[in-house]
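Report on the following structure.
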Amino acid sequence: MTRLLRWVLLLLMAPALGGTSEGYDATPTPSLTGFPVAALLAAYPQRSLIDGIGLRTIKFTPSLRLGYQRMGMNLVVPIPFELSSGGAEKYAGDSAALKLPDVDVWVGEAGVDAQITGALRLYLAGAGNVIQAVSSTMPGLGNADLKNSAWRQHPLQWGQLEGGIVYGPWGYISAVAGLRFDRFDLRVTEPSGLTKINVGPYKNFSLLAGDVLSELWIPYLGFELAGKSYRASLIASPMVSAKVKARTRLKADVAPSHNFLGESVITLRSPATFVEARLEYKIEIASRFRLSLWSKAGWLASAGGGRLESSYSTTAPNLNVAVLEDRNVNFNRYNLAGGLALDASF
């Protein structure tokens with residue numbers, strides 16, 4: 555601060571100090587009007603905003619991935635209705651398991667990596683499946699002895715968006731932290747075969763539909779191993795914010811000639827557990843382009859009590875309907891995927 559004040563005083567006193575003195579160089583002392591401000595500014599490095607924040611040194615690598623993904627899902631939900639009519643045998647709703655067994659879907663992913671420094675990289679990516687028809691089954695559990703039902707093919711929609719940071723000042727190994735949003739929508743309708751049970755006067759129980767919608771916010775941590783031509787990572791999280799919504803519709807004939815139709819929606823918001831491994835091998839095909847072979851495997855699960863919304867209608871005048879207290883839902887999903895990727899760096 556003292557040095558700055560001295561420079562200011564010298565500038566203010568410059569007009570009075572103008573001229574020459576014996577024993578000194580005859581170069582005139584600068585005045586306020588003749589002070590070489592432009593020369594001082596020229597001595598300062600002129601940097602653009604891009605240079606100032608270092609964007610010219612960041613290496614961007616966009617990528618496009620295409621591949622095939624095998625997905626599976628298991629969901630166990632209660633059928634929360636109890637039926638009784640006079641002195642006839644009761645029917646207490648049982649659990650139903652909606653299973654999506656090993657379906658294969660085409661998937662695509664687009665993303666970009668930004669190498670900030672040699673040790674720091676940011677990434678952003680989005681992925682999803684090509685909407686296509688898949689098939690599933692709904693086997694029953696427990697005493698109701700629900701038989702397997704063959705369901706018609708129906709659309710599956712899956713997509714995810716994620717971003718994160720990779721930091722590795724330790725050489726080949728790096729720490730990974732990120733956030734992913736994952737949405738899975740499976741709508742099962744119009745079964746080609748009915749799942750039937752017969753209990754007392756209640757005949758031909760049929761599960762007409764079983765829809766599953768999951769929305770997951772996944773903050774994760776992990777590590778990455780990277781070399782010149784390969785990259786492998788493992789990420790996991792025990793604190794996934796999960797919202798799983800399951801809808802089931804139940805139809806039954808009630809002797810002698812009546813019917814019952816019930817619908818339940820259970821929303822699960824219990825935390826989920828998540829883990830995923832990825833492996834990539836890169837082949838350089840030009841100075842700025844590389845072709846990659848990639849594969850990944852992931853699993854997540856959530857279980858707990860959910861919030862129930864239910865409704866029903868019946869034409870049986872003496873039918874008593876009770877809504878059971880069971881709200882427990884078990885949900886898990888897995889995927890195995892692989893394919894090709896094209897990277898271009900600039």
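In our numbering, the protein residues as written are 555 to 900. Note that CB positions come from ideal geometry on N, CA and C, so glycine has one too.
Burial state of residue i (16 or more Cβ within 10 Å)
{"i": "Lys799", "result": "buried"}
{"i": "Thr611", "result": "exposed"}
{"i": "Ser841", "result": "exposed"}
{"i": "Gly781", "result": "exposed"}
{"i": "Leu775", "result": "exposed"}
{"i": "Phe738", "result": "buried"}
Residues near residue i in its chain [Cβ-Cβ closer than 7 Å; skip 5 each side]
{"i": "Gly647", "result": "Pro632, Ile633, Pro634, Phe635, Glu636, Leu878"}
{"i": "Pro755", "result": "Ser639, Ala642, Val808, Ala809"}
Same chain, Cβ closer than 6 Å to residue i, neighbours up to 5 away in sequence not counted
{"i": "Leu890", "result": "Arg624, Ala851"}
{"i": "Val766", "result": "Leu629, Leu740, Ala800"}
{"i": "Gly860", "result": "Ile820, Thr821, Leu822, Arg881, Val883"}
{"i": "Ser795", "result": "Trp771"}
Residue(s) in a DSSP beta bridge with residue i
{"i": "Phe635", "result": "Val877"}
{"i": "Ala729", "result": "Tyr721, Phe777"}
{"i": "Asp897", "result": "Ser617, Arg844"}
{"i": "Val883", "result": "Gly858"}
{"i": "Ala870", "result": "Partner(s): none; Ala870 has no beta bridge."}
{"i": "Lys850", "result": "Arg832, Ala891"}
Separation of residue j from residue i, as counted between CA atoms
{"i": "Met627", "j": "Ser639", "result": "37 Å"}
{"i": "Glu778", "j": "Asn882", "result": "37 Å"}
{"i": "Glu830", "j": "Thr615", "result": "23 Å"}
{"i": "Tyr645", "j": "Phe814", "result": "12 Å"}
{"i": "Gly725", "j": "Ala673", "result": "8 Å"}
{"i": "Arg823", "j": "Tyr677", "result": "29 Å"}
{"i": "Ala876", "j": "Tyr866", "result": "10 Å"}
{"i": "Ile772", "j": "Gly858", "result": "18 Å"}
{"i": "Arg785", "j": "Ile839", "result": "17 Å"}
{"i": "Ala826", "j": "Gly732", "result": "16 Å"}
{"i": "Ser811", "j": "Pro871", "result": "11 Å"}
{"i": "Leu833", "j": "Gly893", "result": "11 Å"}
{"i": "Ser617", "j": "Arg887", "result": "27 Å"}
Simplified DSSP state of residue i, which is helix, strand or coil
{"i": "Thr671", "result": "coil"}
{"i": "Thr802", "result": "strand"}
{"i": "Thr827", "result": "strand"}
{"i": "Thr611", "result": "helix"}
{"i": "Ser783", "result": "coil"}
{"i": "Asn889", "result": "strand"}
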